[in-house]
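K.L.:
Using the UniProt record's numbering, read the sequence shown as starting at 1 and increasing by one per residue.
No residue lacks a Cβ here, since even glycine has one placed at the ideal position from N, Cα and C.
All values reported here derive from a predicted model rather than from experimental measurement.
One structure follows; several queries about it will come next.
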Amino acid sequence: MSSVNKSILLVDDDQEIRELLDTYLTRAGFQVRTTPDGAGFRQAMNEAPSDLVILDVMLPDEDGFSLCRWIRQHPRQAQVPIIMLTASSDEADRVIGLELGADDYLGKPFSPRELQARIKALLRRAQFGQERSGGEVLAFDDWRLDMVSHRLFHIDGEEVILSGADFALLKLFLDHPQEILDRDTIGNATRGRDLMPLDRIVDMAVSRLRQRLRDTEKPPRLIRTVRGSGYQLAANVVASNGH
């Protein structure tokens, strides 16, 4: 996937990190905008769209978590991929970020090369999802997913906002109903990368999707955990060409 014309918006209060990533990612062909605080980030998001955003957790005026939550409620960019930069030893930061809708995380200190690999993986996933969307509406259980707008509706009329990660995971389950999908398959399909040992990103993503689908029974009814194997969507899927 070419990085030409792909835009990235970065917020980090460390000037050296901003300058380093600006130079590195610009040389890789990305269009980069940077800002040192949340206020500048909000302004930049409202001024022009971005293909991907990078959020540092610790900022001088507000934390990256509040910015992540704000993006997921943004009227135009709710589905933009988000990478959060966190303290490498703080598992809690990663859990919170993923629950709020971040697509991936990277612990500090990190290599720009690793960050670039994560960026390209998420952009490939976003592009792949757009190419495969078609004009279908997928109905399952009490839900309907519009593959063009990525809008999810319950039969009672509620619309649920999906992040890019939510949509990719749900689409994977809908492509393979009743099949058991292991964690590596889910990680590759939704994150575009292999999982690291003890990587909880898939489990947290499934938990988040269950919340979106009101699948909070114990044990879950719709997305089942198959111990030692992975996860299974226990529903039939029906495709149609419209509402």
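Here's a check: name, in chain order, each residue in its chain whose Cβ is nearer than 7 Å to the Cβ of Glu-179, leaving out the five neighbours to either side.
P.N.:
As a working mapping, residue 179 is identified with position 179 in the sequence shown. Result list for Glu-179: Gln-232, in chain order.
K.L.:
Taking the beta carbon of Pro-49 as the centre, do at least 16 other beta carbons fall within 10 Å, making it buried, or is it exposed?
P.N.:
Here the question's residue 49 lines up with position 49 in the sequence shown. Exposed, by the Cβ-count rule.
K.L.:
Near Ser-133, what residues of its chain come up, given a Cβ to Cβ distance below 7 Å and the 5 sequence neighbours on each side ignored?
P.N.:
To locate residue 133, count along the sequence shown from 1; it is residue 133. Unreliable placement is indicated for Ser-133, whose pLDDT of 49 sits below 50; no coordinate value is reported for it.
K.L.:
If we ignore side chains and look at the alpha-carbon of each, how far apart do Thr-34 and Pro-219 end up?
P.N.:
The count along the sequence shown starts at 1 and reaches residue 34 at position 34. The count along the sequence shown starts at 1 and reaches residue 219 at position 219. So the two alpha carbons sit approximately 44 Å from each other.
K.L.:
Could you check whether the segment 199-214 touches the segment 94-102, counting it as contact only if at least three pairs of C-beta atoms, one from each stretch, sit closer than 8 Å?
P.N.:
At 8 Å Cβ cutoff, the stretches touch.
K.L.:
Whole angstroms are fine: how far does the CA of Cys-68 sit from the CA of Gly-164?
P.N.:
Along the sequence shown, read from residue 1 onward, the residue named residue 164 stands at position 164. Along the sequence shown, read from residue 1 onward, the residue named residue 68 stands at position 68. In a straight line, the C-alpha of Gly-164 is about 13 Å away from that of Cys-68.
K.L.:
Helix, strand or coil for Ala-216, going by three-state DSSP, please let me know.
P.N.:
Position 216 of the sequence shown holds residue 216. A quick correction: the sequence has Thr, not Ala, at residue 216. Thr-216: coil per DSSP, three-state reduction.
K.L.:
Give the DSSP-derived three-state secondary structure of Val-148 in the structure shown.
P.N.:
By 1-based counting over the sequence shown, the position of residue 148 is 148. Looking at Val-148 - three-state DSSP - the assignment turns out to be coil, as it is neither helix nor strand.
K.L.:
Is the segment 105-116 touching the segment 211-225 in the sense that three or more CB pairs, one from each, lie closer than 8 Å?
P.N.:
Short answer: they don't touch.
K.L.:
Note down, one range per segment and in chain order, each alpha helix (DSSP H) of at least 4 residues found wholly within the UniProt domain "Response regulatory" (7-123).
P.N.:
15-27, 38-47, 64-72 and 91-99, all fully within the UniProt domain "Response regulatory" (7-123).
K.L.:
If you follow the beta strand (DSSP E) that Gly-230 is part of, which residue opens it and which one closes it?
P.N.:
Taking the sequence shown and counting its residues from 1, one reaches residue 230 at position 230. Gly-230 -> beta strand (DSSP E) spans 230-233.
K.L.:
Is the beta carbon of Phe-173 closer than 8 Å to that of Gln-79?
P.N.:
Sequence index remark: in the sequence shown, residue 79 carries index 79 (1-based). Sequence index remark: in the sequence shown, residue 173 carries index 173 (1-based). Cβ atoms of Gln-79 and Phe-173: not closer than 8 Å.
K.L.:
Indicate, with yes or no, if the ligand ZN has a heavy atom lying under 7 Å from the CB of Ser-50.
P.N.:
Although the ligand ZN was asked about, the structure shown includes no ligands whatsoever.
K.L.:
Whole angstroms are fine: how far does the CA of Arg-42 sit from the CA of Val-238?
P.N.:
Locating residue 238 in the sequence shown gives position 238, counting from the first residue. Locating residue 42 in the sequence shown gives position 42, counting from the first residue. Each residue's alpha carbon lies about 39 Å from the other.
K.L.:
Smallest Cα separation from Asp-103: which of Asp-203, His-176 and Gly-228?
P.N.:
Your numbering for residue 103 matches position 103 in the sequence shown. The residue with the shortest Cα to Cα distance from Asp-103 is Asp-203.
K.L.:
Thinking Leu-123 and Lys-6 are a contact (beta carbons under 8 Å), I'd like their distance in whole angstroms, please.
P.N.:
Position 123 of the sequence shown, counted from the first residue, corresponds to residue 123. Position 6 of the sequence shown, counted from the first residue, corresponds to residue 6. Between Lys-6 and Leu-123 the Cβ distance is about 6 Å, and since that is below 8 Å, they are a contact.
K.L.:
Have a look at Arg-212, Asp-175 and Leu-138 and flag the residue whose alpha-carbon is nearest the alpha-carbon of Val-160.
P.N.:
Taking the sequence shown and counting its residues from 1, one reaches residue 160 at position 160. Ranking the options by Cα distance to Val-160, first place goes to Arg-212.
K.L.:
Report the rounded CA-to-CA distance for Gln-51 versus Thr-190, giving the unit in angstroms.
P.N.:
Sequence index remark: in the sequence shown, residue 51 carries index 51 (1-based). Sequence index remark: in the sequence shown, residue 190 carries index 190 (1-based). Here residue 51 turns out to be Asp, not Gln, going by the sequence shown. Their Cα atoms are separated by approximately 17 Å.
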